Amino acid sequence: MSTIDAQQVVKNFGQLTAVNNVSFTVEPGEFFALLGPNGAGKTSIIRMIYGFSPLSGGRLEIFGQDIRDDWRKIRLRLGVCQQENTLDPDLTVVQNLQLYSRYFEMDKATAGKRAEELLDFFALTGKREAKVGELSGGLARRLQIARALMAEPELLILDEPTAGLDPQSRHQVWDRLRALKKRGLTMVLTTHYMDEAENLCDRLVILDRGRIVTEGQPRDLIKKYAGESVIEIEGPSEELRKYVRENGVESDDLGERLIIYAEPRGELESRIREDFCMESCRYRAGNLEDVFLRLTGRELRE
Amino acid sequence: MSWADLSNISLRFRHVWFRNLITYRRIWKVNFMVPLLEPGFYILAFGLGFSGLIGRVSYAGMQLEYTAFMAPALVATACMWNSFFETTYASFVRMYYQKTFDGILGTPVSVEEIIVAEIVWAASKAAAAVTVMLAVLIPIGYANFPGALLCIPLAFLGGLAFGSIGMFFTGMIPSIDMFNLPIFLFITPMFLFSGTFFPVSGIPDWAGIFSLVFPLYHLVELTRFLCIGAMESNPVSNLIYLLLFIMVFGYLALGAMKRRLIK
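Chains as they are written, first to last, in my numbering: chain A, 67 to 368; chain B, 1020 to 1282.
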């Protein structure tokens, strides 16, 4: 049985269709990501998964139970870390954790023990008695993830868990998420950061305008849509443009910049290196950001 | 259009009530100063300044000192202010600025339970404030002992009424500044014209009818009855009015807040 089974899920807001016939599954133990530009429908999907937003159409089963009927049973088994800071600013770090355990009706002794474990795991023990309103962004975010884990969920939902964090804090969060994955926790993540998804996730979908554009493992997607080797050429010459056109080379022409998707150490790469790259060429490995931009386009959203 | 689903309400709401309690515990010392001192200020002001001008008030066939007439109404208005402010400004801050409700909606608590908890919390605060006021009013002889102690459960009931309508406004208004409107158009006239500062029986009938619509009038009447044993209306109809008011506005509040929170 899949942990999440979404079939033709639809979410309308008035005239706007935010999520349009989206189907996917998440298997136990998987780290699954929803990627997409702003307004792609990531958060809407997340909110339907934890039963915050009602579905406009389709079927959504979590742990084999329908979210419409069994939302309370489902929420007892999952942890949610929302995009916004929803911590209680007037309470201390440890009070935030204890209070949360009440909503799940955990017994006090278990909750106390669990809180201490999580403080330790997220390196928050030193801040145990600190007011949450006084915590830095990185600490608050770690606490919010810790809080989502209080009731020992089988599924953890993370809506942009590292948005707005500095690189140190982001890596702190990543380390913790990797450790949780090792313990077999199923996780669903939304993010704008492609390196985050590439680093952490087993499988992902890319959404655009409410639809799934592609689905797969990060490495396969890179291979398929970006190629393993990418050449970026600043101010490409007309000759190069002509060569690319005539030979049907996989490329994106951005005007000032030409991006060529190639095989590593392949014929195409050496040809370009020898004939066209006098100075302004950059060779790098293909990444998820290439895939993302190729599939969802480069124009601004919203 | 989403209406409240009453089947989503269980005793789990008490956890959200408890959340408000432990958050409030940090600031209760300051907050308890208000009900402790407020009746003193009013009684001093009206007793020293006003009663010389007015003399006695005839109410329910009795001749009362002005301060004796007014003191029970202070208990009822404190109940109103406490509960109404709680489900308007305080709930709005929790809902909009602190995202507290969003956080709770990631747990096995329903939106209906959150709203019930907010209203019950407002009523609890009103009852607590009235308890403190009685601790002042009973010793100085403005409320009968032990009968006036029934004002505490009554304040809880009144708190449910004002908490419900406050919550309804919170579900409807676009921004926190707009609370001025219900306060100016509803709370202030109610505060003045509910038999608080003068008996409703003393004003023309057409004006008195407006007073009967205000829930505060019914609460003031019941409070006065419990504090000094006199009233000019029927306690049973007062109670029925308050209960109906709670049911109607409680239900409307649940629907309005659900529409506001759930997208």
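Note that CB positions come from ideal geometry on N, CA and C, so glycine has one too. Nothing here was measured: the structure is a model prediction, and the numbers come from that model.
- DSSP lists 297/A and 317/A as the bridge partner or partners of residue 326/A.
- Within the segment 1080–1160 of chain B, the beta strand (DSSP E) runs of at least 3 residues that lie entirely inside it are, in chain order, 1081–1084.
- Taking 7 Å as the upper bound on Cβ-Cβ separation, chain A lies near residues 1117, 1118 and 1119 of the segment 1106–1119 of chain B.
- Secondary structure of residue 261/A (DSSP, three-state): helix.
- Look at the beta carbons and you see the segment 1072–1087 of chain B not touching the segment 107–117 of chain A: under three pairs across the two are nearer than 8 Å.
- The Cβ-Cβ distance between residue 1132/B and residue 1255/B does not fall below 9 Å.
- About 12 Å separates the beta carbon of residue 1090/B from that of residue 1149/B, a gap too long to meet the 8 Å contact definition.
- Between the alpha carbons of residue 1187/B and residue 1135/B lies a distance of about 12 Å.
- Against chain A, the CB of residue 1269/B has no partner CB under 9 Å away; the residue lies outside that interface.
- Counting the other Cβ atoms within 10 Å of the Cβ of residue 290/A gives fewer than 16, which makes it exposed.
- Neighbours of residue 1128/B in chain A, taken as residues at a C-beta separation under 7 Å, are given in chain order as 169.
- Residues of chain B whose Cβ lies closer than 9 Å to the Cβ of residue 220/A do not exist, since the nearest Cβ in that chain is about 14 Å away.
- Straight through space, the alpha carbons of residue 1145/B and residue 1202/B are spaced by roughly 18 Å.
- Secondary structure note for residue 267/A: it is in no alpha helix (DSSP H), with a DSSP letter that is neither H nor E.
- Taking a 10 Å sphere around the C-beta of residue 1056/B, we find fewer than 16 other C-beta atoms and assign the residue as exposed.
- Using a 10 angstroms sphere on the CB of residue 1207/B, the tally of other CB atoms stays under 16, which defines it as exposed.
- Residues of chain B with a Cβ closer than 9 Å to the Cβ of residue 180/A do not exist, since the nearest Cβ in that chain sits about 15 Å away.
- Excluding sequence positions up to five before and after residue 211/A, its CB lies within less than 6 Å of the CB of 147, all in the same chain and listed in chain order.
- Under the 9 Å criterion on CB atoms, residue 165/A is classed as interfacial with respect to chain B.
- In the displayed model, residue 178/A falls within a helix according to three-state DSSP.
- Judged by DSSP in its simplified three-state form, residue 343/A adopts coil rather than helix or strand.
- Here residue 1236/B has 1213, 1214, 1219 and 1230 as same chain residues with Cβ atoms under 7 Å from its own Cβ, once five neighbours each way along the sequence are excluded.
- Between the C-alpha atoms of residue 83/A and residue 76/A there is a straight-line separation of about 7 Å.
- With contacts defined as CB atoms closer than 9 Å, residue 1245/B and residue 1179/B fail to qualify as a contacting pair.
- Listed along chain A are 156 and 157, each with a C-beta nearer than 9 Å to that of residue 1045/B.
- Cβ neighbours of residue 152/A within its own chain (closer than 8 Å, five residues either side excluded): 210.
- Contact of residue 1125/B with chain A is assigned, a C-beta pair being separated by under 9 Å.
- As computed with DSSP, residue 99/A is found in a beta bridge with 255/A and 270/A.
- Nearest CB-CB separation between residue 239/A and chain B: not below the 9 Å threshold.
- For residue 1171/B, no beta strand (DSSP E) encloses it; the enclosing alpha helix (DSSP H) starts and ends at 1170–1191.
- In this structure, residue 1042/B lies near residue 157/A, with their beta-carbon atoms less than 9 Å apart.
- Residue 89/A carries a strand assignment under DSSP once its states are collapsed to helix, strand and coil.
- For the segment 1036–1088 of chain B, the full-length beta strand (DSSP E) segments reaching 3 residues or more read 1075–1078 and 1081–1084 along the chain.
- Annotation: residue 363/A to residue 318/A spans about 11 Å, alpha carbon to alpha carbon.
- Below the 9 Å Cβ cutoff, chain B contributes no neighbours of residue 234/A, its closest Cβ being approximately 25 Å away.
- Boundaries of the beta strand (DSSP E) around residue 75/A: 70–79.
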